[in-house]
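Chains as they are written, first to last, in full-length UniProt numbering: chain F, 1 to 808; chain Z, 1 to 444.
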């Protein structure tokens, strides 16, 4: 390469083969050389990705031929070197080669990938199958093969080939899964990829895959991340068969396994249950146990200490919720009653012993169960969330039961993490089931959320200064809300209440106000409104938190004070906007908060405050927007046909509500008969003295008439409806400021022939559907417009008018 | 913009007409349908269902799939069903019987989930509220009732409250002919029309009458302007009256208070009204068998479809179902739809639900859409992680510390060696001294 053969710039295609070559020479060792610093490899990988060095994307032309050749040979060299590394005996070099091959899968050109993918695959497969070998290499191999499959799945025409390739992987992957070390994690990820991209490849190995996954899951030796992936694998497994039955069978098996395990661990903590009988309907054979494990294996106390079996339960529950939420190609039949039975069963256990004479478990066993219970509860709530999300309206027959479960649980639950989850679930339910549900749940939600919000100001130093007001508030709220009969177990929050819980409580209140603020709200609306404004005022009292200021605070919880402020402002907006019978009593306070918040430029709070101010503007200037506004030149495309814009495209929508500015500053043709409600009222207020808008014009008509014109709603916009051919069309065109273009648009859409067809029997030339506005209105209409409609049209219309009114 | 189709049926047995709203082309005509008013629904765009006017003791409800003209599924409920309604997801079909009973079926299984006595006389219209949680029914006895579907299924709550309905409006003196609900969740309005020549506007939030509008003629059909500025009421005198909703009620036209205009073309009575999806085109079915499309902006008729001789008493305007797209069309939407057309089983006559019945919910199939941007590659991440590990193993502070420790160890050992050496030396000297002196002794 010539020393002075400069490239044009960074983007020059000619540069790429050269860059690639020099990268290879510098960093990719040959056969005998040792592997250099591994950090270099990362550098190479990133350079290749940024500069797209393997893409070989060149415009094909005569002068590019040489360049193409050059690049091709460079990439050939790259592939050769990498493959050499892959097959190297040294583990570190093999590792480097496998990783770089993975990068190659991602970025090489489609032609190259298609030409040599099976060779590459064989190389990797060798490593995966090798009985010995370093874990490190195998982990990299799994990642690399996963990328291989991802790329392969992008070519729909070789789907079958891909499946057969993926099928070859299964044996080694399942073998890896059995091993304890870290490569099992890689194997799980790879299995997930296979199941998502080539599910059909698993058909033959369905049972062994299930067994392997379940065994791993039950072993209790995985970290949470791997457990999640295993659960995903298990829930994706039915995809390989892809029919409705196998999905149902899988979830049924999981439910049975959970129940067997629960029977053991909840012994002495709950009454007898009949779940098993419901799970296996009488007269039907029970399905084969999950993963081929015997019931005995599942619940063998001697082989499985309590801890492990509790872990199994929660991972199986995770499987349930994952199955509910992951997509399935066929219609999935969800045994919702069985799931609810399970959820109810678990949520009702709170660790207390049953009312028997002799306790059947030891204190130690109780300890274990209590330790794990919150995890179970959390998973159960996840399952409920999954059901609510997927079932939509089909939940209706079960909704009452779910509501009972949830409210009962909310009453008892004291752990803030779980309460956050319950609130999230309630929010989801409110959103999916709407008004009907809000009638149901309002009181429970309000009661619980206000208890949780009822200790504002426990924020360090402010706690002291606020303590009196807090006390006062607490007292007041207690008197405001005598809800329900919480005789048995009453939830009492422990101070300080975590911010995350308060945020969740605010969010559920916000949703309640959004969905059901208007209906049946007499009992709780006022207390919620005052609670929300108090919380928001208190939250924002200490000024706005800049994100940078509370770095020391952020690591212990994911949500911080700024989030709380935002949540309180959101709830406040819902409380202001939610329909009520009187003007929101805290409107002024709210507006002030939003105005202040808006000044904190660059924060989320400012963004939200701007939005809130816009939304509140509508509350202050309510509009009933007219269907047609002749004064504005805004046009929307009609029926997908984009009509042309007028040259003087001026946005004059503002006239809809701001009459003063219109009257004062506009001198272009305005439409005084805007159908805007507010506009009407404004004008009516003014019509004792001089109407501000239409001064000159209105002078000619009497004030009385002017009022009438203005109060007419649709008819003023509605010109005479064309009744008969020819004439109708002529008549309706001379509208107020209606420009000729409107006529053109109409004539495009009107199907004259059809109009003719249907009105054949109508001899009457006059108009049957008159404008109900008085004649004066019409006159003033024409007076106003400084349009250049030919004046000889007017008598036409005026003639028509009395006619029609006579008829009535 | 997607294509819309206008679907019309009549009380005489002339089938169901189906036209493209924009082009006016007629699609299939579905055969053998004579529906009562409000008896035609499109079940979530998946298929058509219609109750039938038949002279028999049991009623009949028919299903048509989009691509076949003949009836595919026939069900025979316990009594004649007048209005049908289905929720927007198409999971439930609700029917109102001539006895005043209301039936609720699950579409997927055809099971009769609930049946309750709603009215004293035949039910005439059924409407779901916008958020699908409430059902509003009107009847020949003039009552309009609002039902919370949750309550219908919750027997405990029912016992506590004493009655099933949320509201019962009894101000109409004659049979209710049509009901529409508006936008706004819990704050929505309900407009009901009746043979007593009035339309009444109700507030869902308060359960009160907001406005009573007296018309010159009986109103059989009502359509609500999407902006809820006005509503359109189709009268038996052939006029479509425009009545205002939210103004102060000052405008008093020739027709009466709150009525501000009409759309009229001298046709016969209006039997049904529906808005197109754009909220501007109003589709009206008339007694003379024509379907007219009005532009509510200009008050012009922009299209006319001829259905049949009989009165057009049902009009639906829906998005064009994929199955109606021509086979040749390039988009595979139609192909996909054709693959999965299997209609649900017929609706049950009597409920078969007991405590053992297996309740399930059905999650519709979700085909995997694989978009290239979805593909995530793992190698680079893994490489990063592993290199980190390598780096840590090679050159971390721990090994440095180890070296320090080894050095200290070494030093201590060296000291020990020195000590031992010294001791050895001492002993050696001592021994040598002893030996020498001993020798000296013996020699001395």
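Just so it is clear, CB atoms sit at the ideal spot from N, CA and C, and this is done for glycine as well.
- Between residue 166(Z) and residue 146(Z), the CB-CB gap stays under 7 Å.
- Three or more beta-carbon pairs drawn from the region 227 to 239 of chain Z and the region 257 to 265 of chain Z are found closer than 8 Å, and the two stretches are therefore classed as touching.
- Closest option to residue 339(F), judged by alpha-carbon separation, among 280(F), 414(F) and 251(F): 251(F).
- Between residue 345(Z) and residue 107(Z), the alpha-carbon positions lie close to 8 Å from each other.
- Within the region 52 to 82 of chain Z, not one residue has a Cβ closer than 8 Å to any Cβ of chain F.
- Counting only the Cα atoms, residue 232(Z) lies some 6 Å from residue 222(Z).
- Any Cβ of chain Z closer than 7 Å to the Cβ of residue 123(F) would place that residue at the interface, and such an atom is absent.
- Non-local beta-carbon contacts of residue 268(F) in its own chain, meaning distances under 7 Å to residues more than five positions away in sequence, involve 353, 354, 359, 360 and 361 in chain order.
- Only 136, 139, 140, 142, 143, 144, 146, 147, 150 and 151 from the region 133 to 151 of chain F bring a Cβ to less than 9 Å from some Cβ of chain Z.
- Neighbourhood of residue 518(F) in chain Z, by CB distance below 7 Å: 186, 187 and 205, in chain order.
- Taken atom to atom, the span from the alpha-carbon of residue 584(F) to that of residue 370(F) is near 46 Å.
- The continuous alpha helix (DSSP H) containing residue 565(F) extends over residues 561 to 577.
- Taken in chain order, the unbroken stretches of beta strand (DSSP E) that lie wholly in the region 30 to 75 of chain Z and span 3 residues or more are 40 to 43, 47 to 51, 61 to 65 and 73 to 75.
- Under the DSSP definition of a beta bridge, residue 105(Z) partners with 93(Z) and 112(Z).
- A direct Cα-Cα distance of roughly 35 Å separates residue 67(F) from residue 160(F).
- By the Cβ-count criterion, residue 165(F) is buried, with 16 or more other Cβ atoms from all chains shown falling within 10 Å of its own Cβ.
- Between the beta-carbon of residue 216(Z) and that of residue 256(Z) there is about 7 Å, and that keeps the pair under the 8 Å contact cut.
- DSSP lists 198(Z) as the bridge partner or partners of residue 214(Z).
- Nothing from the region 406 to 428 of chain F brings a Cβ to less than 9 Å from some Cβ of chain Z.
- With contacts defined by Cβ atoms closer than 7 Å, residue 516(F) and residue 438(F) form a contacting pair.
- Residue pairing for residue 235(Z): DSSP places it in a beta bridge opposite 219(Z).
- Using a CB distance below 7 Å, the part of the region 503 to 516 of chain F facing chain Z consists of 515 and 516, ordered along the chain.
- Residues of chain Z with a Cβ closer than 7 Å to the Cβ of residue 440(F) are, in chain order, 150.
- Counting C-beta atoms within 10 angstroms of its own C-beta, residue 620(F) has fewer than 16 neighbours from the protein chains shown and is therefore classed as exposed.
- Each residue's CA atom was taken as its position, placing residue 377(Z) and residue 110(F) some 16 Å apart.
- Listed along chain Z, the residues sitting closer than 7 Å to residue 392(F) by beta-carbon distance are 89.
- Nearest CB-CB separation between residue 257(Z) and chain F: not below the 7 Å threshold.
- Separation of residue 23(Z) and residue 75(Z) (C-alpha to C-alpha, rounded to the nearest whole angstrom) is 34 Å.
- Going by C-alpha positions, residue 229(F) is about 57 Å away from residue 177(Z).
- In the structure shown, residue 438(Z) adopts helical secondary structure according to DSSP, grouped into three states.
- When only Cα atoms are considered, residue 343(F) and residue 271(F) end up about 15 Å apart.
- By the criterion of a C-beta distance shorter than 7 Å, residue 210(Z) is surrounded in its chain by 189, 201, 202 and 203, once the five residues flanking it on both sides are discounted.
- Within the region 95 to 117 of chain F, the residues whose Cβ lies closer than 7 Å to some Cβ of chain Z are 99, 102, 103 and 106, listed in chain order.
- The beta carbon of residue 70(Z) lies closer than 7 Å to those of 31 in the same chain, with the five residues before and after it left out.
- Judged by DSSP secondary structure, residue 113(F) falls within the alpha helix (DSSP H) whose first and last residues are 110 to 129.
- Segment contact: the region 57 to 67 of chain F against the region 95 to 106 of chain F, fewer than three CB-CB distances shorter than 8 Å; contact not assigned.
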